[in-house]
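Remarks on the structure that follows.
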Amino acid sequence: MLRHLLHILWNERKNNLLIWVEMLVITFCSLYLIDYLVTGLRLINIPMGCDIHNVYRLYLAEVPPESADYSPADSVSGNEDIKTLLQRIEAHPAVEALSLSYNSLPHQGSNSSVTVSFDTLQESQTLVRSVTPSFLQVLRVNGLNGSREEMMEALKQGEIIPSEGLIKSFRRPIDSVIGKPFLLSDSDSTSLTAHYVAQTMRVDNFWLWNTSLFIYQPKEFNEELAKYALYIEFAFRLKDDATITQDELFAELQDQLHVGNVYVSRFESLEEAKKMFQNEDYNKLKMRILYSVFLGVCIFLGVVGTFWYRSQQRRSQIGLRLAMGETPRHLLGFYLSEGLLLLLLTLPFTLAGFSALKHFNLLSRYWIVFWYRMPVDFLLTYGLLTLLIVIAIWLPTRAAVHTAPSIAMRDE
0 MLRHLLHILW NERKNNLLIW VEMLVITFCS LYLIDYLVTG LRLINIPMGC DIHNVYRLYL
60 AEVPPESADY SPADSVSGNE DIKTLLQRIE AHPAVEALSL SYNSLPHQGS NSSVTVSFDT
120 LQESQTLVRS VTPSFLQVLR VNGLNGSREE MMEALKQGEI IPSEGLIKSF RRPIDSVIGK
180 PFLLSDSDST SLTAHYVAQT MRVDNFWLWN TSLFIYQPKE FNEELAKYAL YIEFAFRLKD
240 DATITQDELF AELQDQLHVG NVYVSRFESL EEAKKMFQNE DYNKLKMRIL YSVFLGVCIF
300 LGVVGTFWYR SQQRRSQIGL RLAMGETPRH LLGFYLSEGL LLLLLTLPFT LAGFSALKHF
360 NLLSRYWIVF WYRMPVDFLL TYGLLTLLIV IAIWLPTRAA VHTAPSIAMR DE
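When we follow numbering that gives the first Met the number 0, the leftmost residue of the sequence shown carries the number 0, and every step to the right adds one.
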């Protein structure tokens, strides 16, 4: 049967070549679109590695010199004033924990990176989160080989907490890195050890940055508070059973949120920050989905139209085959097999093209590694096109095979 089909396709190669080229272009375009949707949905749904519900960022501001409330004797860089503000917020019964961090909160767009060396291996562009230990409690970051409390204590002892993604980048099991020295490119050649590994905490839903680590450096935090206090990230978490809202908390603490020339200007929910920060990315995704749907409709009309016209042109041939004793069922299966074989012959070329796009990093979000990406892309693409071809061939051919041979061959 297969040999017979290939023989027929070869005999009609002039007509079949154009159809095959059309199928190749359509298949490749469909494959690219489906890959974009598959990777986009996969990227959005990868766990964030943290919990931002009930987490709020507080912003500090400085009283301007021209204000009547300005005190020349105080300075915005006064650590004690800022610490007093933070202690007042943290002491509220509804607040579970408060943390300080630098370029570390998710959905903010501010990040810092270093090169991390382990043994003879290096990982560049590793996200470094400079945080106080309570950051892990505020964001509820979990560990792979230890509790959150143990990781917080390790940070206090001067250890680093690498992410699962960073350890995987070194292609080493977790047990092999425990207690071993890590070298950071900006740590003045000082080796840092790690006894605990945290789950990978992402930057946002549209950015896959797996290699990261947590580090606590009290001296640097004090320097930052003294020089750039307004740029440090202050965040706190409300208790799960808290009945107070962020606005009610701000109003309740209003009289306590001003010390010297420093005051708290507002509380901002990280969930609201996430919506604002990712709004443009979601709009782009929606537009590309709209483009994909439009192109999908065009592909549908092109495939159906091509094979429908091809089947209509063969009505006289169908009548002749029926007159020679072919059964309608066998004839219908023959033409369906012929169309599907044309689609199948595009597979080696789409595989080569897909591999080339992967090699040159032209696929959606480059090459996000998950084992079922390529199988799902090809199954969805060829499954959809198979359905379209079956519909396009089955409907007109079914009508033709149930037509009297004399009518079908009337033009002949």
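Cβ atoms here follow ideal geometry from the backbone N, Cα and C, with glycine treated the same way. For clarity, every value in this text was computed on a predicted model and none was experimentally measured.
Own chain, CB closer than 7 Å to residue i, minus 5 neighbours either side, in chain order
i           : result
residue 257 : none
residue 50  : 138 and 139
residue 153 : 160, 194 and 195
residue 27  : 349 and 352
residue 78  : 221, 224 and 225
residue 165 : 115, 122, 125, 210, 211 and 212
residue 344 : 19
residue 326 : none
residue 494 : With the chain covering only 0 through 411, there is no way to say anything about residue 494.
Status (buried if at least 16 other CB within 10 Å, exposed otherwise) for residue i
i           : result
residue 29  : buried
residue 310 : buried
residue 70  : exposed
residue 96  : buried
residue 346 : exposed
residue 16  : exposed
residue 378 : exposed
residue 229 : exposed
residue 67  : exposed
residue 306 : buried
residue 120 : exposed
residue 201 : buried
residue 376 : buried
residue 369 : exposed
residue 381 : buried
residue 215 : buried
residue 359 : exposed
residue 176 : buried
residue 302 : buried
residue 323 : exposed
residue 286 : exposed
Residues near residue i by beta carbon distance below 6 Å, same chain, minus five either side
i           : result
residue 356 : 362
residue 280 : 205
residue 289 : none
residue 57  : 233, 263 and 266
residue 75  : Because the pLDDT of residue 75 is 48, which lies under 50, any placement of that residue in the model is unreliable, and the number read from its coordinates should be weighed accordingly. Within the same chain, residue 75 has close Cβ partners 61, 260 and 261.
residue 243 : 93
residue 184 : 113 and 114
residue 134 : 98 and 100
residue 83  : 258
Proximity of residue i and residue j at Cβ, strictly below 7 Å
i           : j           : result
residue 151 : residue 180 : no
residue 342 : residue 384 : yes
residue 456 : residue 146 : In this structure the chain extends from 0 to 411, so residue 456 is not present and cannot be described.
residue 169 : residue 117 : yes
residue 284 : residue 39  : yes
residue 338 : residue 388 : yes
residue 80  : residue 261 : yes
residue 462 : residue 93  : The structure shown has nothing for residue 462, since the chain only spans 0 to 411.
residue 48  : residue 198 : yes
residue 298 : residue 45  : no
residue 192 : residue 149 : no
Close-in-space but distant-in-sequence residues of the same chain around residue i (CB under 8 Å, 5 per side omitted)
i           : result
residue 190 : 180, 181 and 182
residue 36  : 288 and 291
residue 240 : none
residue 373 : 353
residue 235 : 54, 55, 57, 88, 89, 94, 95, 96, 97, 98 and 137
residue 63  : 69
residue 52  : 270
residue 155 : 132 and 215
residue 304 : 391
Expected contact under 8 Å - CB spacing of residue i and residue j to nearest Å
i           : j           : result
residue 55  : residue 386 : Contact flag wrong, Cβ pair sits at about 49 Å.
residue 32  : residue 294 : 6 Å
residue 308 : residue 396 : Actually they do not touch by this definition, with Cβ atoms about 12 Å apart.
residue 107 : residue 276 : 7 Å
residue 254 : residue 105 : Not a contact, Cβ separation roughly 32 Å.
residue 42  : residue 207 : 6 Å
residue 330 : residue 320 : 6 Å
Residue-level contact to chain D via CB, residue i, 7 Å cutoff
i           : result
residue 377 : Of the protein chains in the structure, only one exists, and it is not chain D.
Exercise. Please confirm if the stretch 116 to 130 is in contact with the stretch 99 to 108, defined as three or more CB-CB distances below 8 Å between the two stretches.
Key: Contact between the stretch 116 to 130 and the stretch 99 to 108 is present: three or more C-beta pairs spanning the two stretches fall below 8 Å.
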